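Just so we're aligned, residue 4 is where the sequence shown starts under the numbering used here, counting upward by one.
Every residue gets a Cβ at the ideal spot worked out from N, C-alpha and C, and that includes glycine.
Owing to the predicted nature of the structure, the values given are computational and were not obtained by experimental measurement.
For reference, the structure discussed in these notes is given below.
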Amino acid sequence: MAIGSEAFLEQIKSICTATDRDIAGNRELRQRVSWERVISEVEQICGKSWEEQQARGEWGRFLVYWGAQRFAGMTLKEIAGKCGYRDYSAVNMGLRRFIMRSKADSQIQHAMKRLEKVCKVQT
Numbered sequence: 004m005a006i007g008s009e010a011f012l013e014q015i016k017s018i019c020t021a022t023d024r025d026i027a028g029n030r031e032l033r034q035r036v037s038w039e040r041v042i043s044e045v046e047q048i049c050g051k052s053w054e055e056q057q058a059r060g061e062w063g064r065f066l067v068y069w070g071a072q073r074f075a076g077m078t079l080k081e082i083a084g085k086c087g088y089r090d091y092s093a094v095n096m097g098l099r100r101f102i103m104r105s106k107a108d109s110q111i112q113h114a115m116k117r118l119e120k121v122c123k124v125q126t
């Protein structure tokens, strides 16, 4: 968290981009996209509604989880809560399997790159 004028905040952001790993709290300074935006973008990428993607065997839901964690800054617990799970372990395991599968599946890799392109916010 940074307290100060808008100019001060911009100065802090410019410092953070140079040395991301070394500054505590840099994650909070980055702009984030919303959960709804991630879902909307994945619906466009996959060509299916969020309801359809939640069906068993659809990798689009894991693309949403991946995007929510990466671009919306959501925790596994927050993602699990949005999806109606009581525990985040199912989200965690699904994400692990999705990432492993993406290494061999060019369709998933392409979808991940497209999502990154539309959701990545420059600071």
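DSSP, read as helix, strand or coil, puts Ser109 in helix. Restricting attention to Glu9, Ile48, Ala10, Gln14, the CA atom closest to the CA of Lys120 is found in Ile48.
In the three-state reduction of the DSSP assignment, Gly7 falls in the coil class, being assigned neither a helical nor a strand state. Going by DSSP, Gln57 is part of no alpha helix (DSSP H) at all; its letter is neither H nor E. When rounded, the separation of the alpha-carbon atoms in Trp69 and Met96 is 12 Å.
A straight line joining the alpha-carbon of Leu66 with that of Gly7 spans about 37 Å. Taking the C-beta atoms as reference points, Ser52 is found nearer than 7 Å to Glu46.
Measuring C-alpha to C-alpha distances from Arg35 to each of Glu9, Trp62, Phe74, Gly50 identifies Phe74 as the nearest. The alpha carbon of Gln72 has as its nearest neighbour, out of Arg117, Ser37, Asp108, the alpha carbon of Ser37.
At a cut-off of 3 residues, not a single continuous stretch assigned as beta strand (DSSP E) sits fully inside the segment 64-125. For the pair Ser92 and Glu61, the Cα-to-Cα distance works out to about 18 Å.
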